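Residue 159 in our numbering is what sits at position 163 of the sequence shown, and the numbering runs on without skipping anything. C-beta: ideal position from N, C-alpha, C; glycine also. All figures in this text were calculated on a predicted structure; none of them were measured in a lab.
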Amino acid sequence: MQEPAVKIGTRGSPLALAQAHEVRGLLMKAHGRPKSAFEIVVIKTSGDKIQDRPLSEVGGKGLFTKEIEEALLAEEIDLAVHSMKDVATELPPGLKLSSILPREDVRDAFLSLKYASLSDLPEGAKVGTSSLRRAAQVKNRRPDVEVVGFRGNVQTRLQKLSDGVADATFLACAGLNRLGLADRVTAPVETQSMLPAVAQGAVGLEIRDGDEAIADLLAPLNDEATALCVTAERAFLRTLEGSCRTPIGGLAELRIGELSIRGEVLSPDGAESFSGEISGPAASAISLGEGLANELLEKAGAEFVARLKAQI
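1) The alpha helix (DSSP H) with Glu65 in it runs from where to where?
2) Any idea if His78 is buried or exposed, counting beta-carbon neighbours within 10 angstroms, 16 or more meaning buried?
3) Would you say Glu254 and Ser275 are within 8 Å of each other, going by their C-beta atoms?
4) From the DSSP secondary-structure annotation, give me the bridge partner or partners of Gly246.
5) Across the segment 59 to 71 and the segment 185 to 201, are there enough close Cβ pairs to call them in contact, namely three or more that are closer than 8 Å?
6) Can you name the start and end residues of the alpha helix (DSSP H) that Glu229 belongs to?
7) Determine the DSSP secondary structure at Ala121, reduced to helix, strand or coil.
8) Taking the Cβ atom as the reference point for each residue, do Phe60 and Phe106 lie within a distance shorter than 8 Å?
9) Pro0 by DSSP, collapsed to three states: which one?
10) Pull up the distance between the alpha-carbon of Gln155 and that of Ala279, whole angstroms please.
11) In the DSSP assignment, what are the bridge partners of Ala16?
12) Check whether the Cβ atoms of Gly325 and Val150 sit closer than 8 Å, and answer yes or no.
13) Quick check: the Cα distance between Val143 and Asp104, rounded to an integer number of angstroms?
14) Between which two residues does the beta strand (DSSP E) harbouring Glu202 extend?
15) Can you pull the DSSP bridge partners for Leu277?
16) Determine the extent of the beta strand (DSSP E) in which Glu72 is found, giving its start and end residues.
17) Does the Cβ-Cβ distance between Gly200 and Met24 come in under 8 Å?
18) Measure from the alpha carbon of Val2 to the alpha carbon of each residue in Ala16, Ser9, Thr182, then state which is nearest.
19) Could you work out which residue in Phe34, Glu186, Ile73, Ser94 is closest to Leu224 when comparing CA atoms only?
20) Considering only residues of the segment 141 to 218, which uninterrupted beta strand (DSSP E) runs meet the minimum length of 3 residues and lie entirely inside it, listed in chain order?
21) Relative to the alpha-carbon of Arg138, which residue among Ser115, Glu72, Pro216 has its alpha-carbon at the smallest distance?
22) Compute the Euclidean distance between the alpha carbons of Lys122 and Glu(-1), then round it to the nearest angstrom.
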């Protein structure tokens, strides 16, 4: 008797589907199984349904995972595919991250039909973004430009740019690469200029805690270097108590057994910014992330921290 297909849960956006199909392809290759052995199940999330308000006003980035995680707990799917930057730092009881795929390009992409970079924008130009981090970073680097709201999937935002809703926008290089839209990038933004979101470019696989059969199935897909970096970044974010209402950038990099992590926390208006970097053994990923967060909280001072926590 044929085994039932392994059910892979995902959002229905073109990028989410591209990631789910990538996971299915990797599983087919790793285990020599046919396409029919894996079924992709599309689940509409609250984040997909709510398009008229910033996510920071209605519950934050967990809205992109909530319904998928509920389906996982209800055993309607066997695993969930997530963009790791959408995953809350505290998972629901009974769930765990099983594997992290090799990371794509971590950088933000600057997109404009008129200008070559953020520094080339004229005074008063409009920059569209739905990201509090990007908005704060733009206001910090270019307080003379206007930031306007820009919700929707990648294709929707590209259309808004064509329609002249804004003069420029930012998207993740990783998403554009996965969609075959790298040619739409005006210029990648180097991480020394603008730190990306925590876990940007990483795809994670979430399963039920204790489901050893699915854990074993996914084990060959795990990239240890990416997993260590994402672990450090998520520890950094968790210690800062970051949410969609808190502008935070962070990036960990692994080189010959040593892990370095850079981080930045800003006020939403971009007027205040605190950044730092620490390095240490890769095995200390969690403590490095926590250590950097505490260093930035100390730099920022009690008043900033109190305002940060009031926003969460």
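According to the structure data:
1) 62 to 69
2) With 16 or more other Cβ atoms within 10 Å, it is buried.
3) yes
4) Gly259
5) no
6) 220 to 236
7) DSSP places Ala121 in coil when its eight states are reduced to three.
8) no
9) Three-state DSSP puts Pro0 in coil, outside helix and strand.
10) 44 Å
11) Its beta-bridge partners do not exist; DSSP assigns none.
12) Lying outside -3 to 308, the shown extent of the chain, residue 325 is not represented and no answer is given.
13) 16 Å
14) For Glu202, the enclosing beta strand (DSSP E) covers residues 199 to 204.
15) Checking the sequence, you will find Pro at residue 277 rather than Leu. DSSP lists Glu254 as the bridge partner or partners of Pro277.
16) Looking at the DSSP string, Glu72 is not in any beta strand (DSSP E), and its letter there is neither H nor E.
17) no
18) Ala16
19) Ser94
20) 142 to 144, 164 to 168, 183 to 185, 199 to 204
21) Ser115
22) 54 Å
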